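In the working numbering, the protein residues as written are 14 to 223. We put the beta carbon where it would ideally sit given N, CA and C, even for glycine. Quick caveat, the model's predicted, so the values are computed rather than measured. So the structure is just underneath, and the comments pick up after that.
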Ligand SMILES: Cc1cc2nc3c(=O)[nH]c(=O)nc-3n(C[C@H](O)[C@H](O)[C@H](O)COP(=O)(O)O)c2cc1C
């Protein structure tokens, strides 16, 4: 087995290191983050860093890159009552979703540039992606600066919109039925197979290999 140390990682060429380290967490969710400047243009960006932080209340985290250069998503969230949306990316739209990461000028909305439809729902001030089968409206509750300049945004879930076929009877989400993509590294988009489910794990029920 190959052994890489922190010193090896630091010595790699930048893009090589970026590719390698972005793959380390494994498969990640593909989400489009929708925001809007108050009375201004909409913004859409692909984010793979959404994480679950708690169910009651429902809380999700998102990591934003260092805000040393202008980050439209972050600026819009701060200026628009902390509101933003997370929209799962259908695999069929992965190419367009990936393209939202390009450096678009301030006044050009990635919604139009990449072929997505901005949908404003139920008075929430941030736009949802109409083409997404699973969309969440969040309000920023806390932000935690990380030592490397990135920022963990902690958001409370205020709205969830699901396609009718998304929910199983026990409340679990059938993400494969929705056809949403997973991400690896910085540019890999995957179809996901149906899960093997094991239910709630209890001691005494550990499967023994025969
Ligand atoms: C697959 C993929 C995943 C990404 N995940 C994140 C992320 O989790 N956080 C982040 O800040 N940027 C992420 N990016 C980069 C943003 O999409 C990119 O910086 C975008 O231009 C930000 O737009 P903004 O300036 O409008 O906020 C990712 C890019 C790609 C291609």
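Own chain partners of residue i with C-beta closer than 6 Å, once the 5 adjacent residues on each side are dropped
i, result
"residue 214", "none"
"residue 190", "178"
"residue 64", "74"
"residue 157", "165"
Spatial distance of residue i from residue j (CA atoms)
i, j, result
"residue 73", "residue 91", "17 Å"
"residue 53", "residue 159", "30 Å"
"residue 25", "residue 66", "33 Å"
"residue 211", "residue 115", "40 Å"
"residue 188", "residue 182", "14 Å"
"residue 127", "residue 81", "26 Å"
"residue 88", "residue 68", "27 Å"
"residue 118", "residue 219", "54 Å"
"residue 217", "residue 209", "20 Å"
"residue 113", "residue 49", "15 Å"
"residue 28", "residue 201", "15 Å"
"residue 33", "residue 15", "13 Å"
"residue 176", "residue 186", "10 Å"
"residue 61", "residue 108", "15 Å"
"residue 207", "residue 184", "16 Å"
"residue 136", "residue 86", "20 Å"
"residue 171", "residue 125", "26 Å"
"residue 221", "residue 17", "34 Å"
"residue 129", "residue 161", "33 Å"
Distance CB(residue i)-CB(residue j) smaller than 7 Å
i, j, result
"residue 35", "residue 199", "yes"
"residue 37", "residue 30", "no"
"residue 174", "residue 47", "no"
"residue 123", "residue 57", "yes"
"residue 93", "residue 42", "no"
"residue 144", "residue 106", "yes"
"residue 192", "residue 51", "no"
"residue 224", "residue 59", "Because the chain in this structure spans residues 14 to 223, residue 224 falls outside the shown range and cannot be described."
Residues near residue i in its chain [Cβ-Cβ closer than 7 Å; skip 5 each side]
i, result
"residue 203", "40, 194, 195, 197"
"residue 78", "84, 163"
"residue 20", "none"
"residue 120", "54"
"residue 70", "169"
"residue 205", "188, 189, 195"
Sequence-distant residues of the same chain with beta carbon closer than 8 Å to residue i, five excluded per side
i, result
"residue 168", "72, 73, 74, 75, 95, 97, 151, 152, 153, 154"
For residue i: DSSP bridge partner residues
i, result
"residue 132", "141"
"residue 108", "Residue 108 pairs with nothing; no bridge assigned."
"residue 37", "Beta-bridge pairing links residue 37 to no other residue."
"residue 98", "47, 150"
"residue 156", "166"
"residue 197", "201"
"residue 74", "64, 167"
"residue 59", "45"
Residue i beta carbon near ligand 3 (any heavy atom closer than 6 Å)
i, result
"residue 34", "Among the ligands in the structure shown, ligand 3 does not appear; only ligand 1 can be found there."
For this session: Would you check if the stretch 96-104 and the stretch 148-167 touch, i.e. whether three or more CB-CB distances between them fall below 8 Å?
Result: yes
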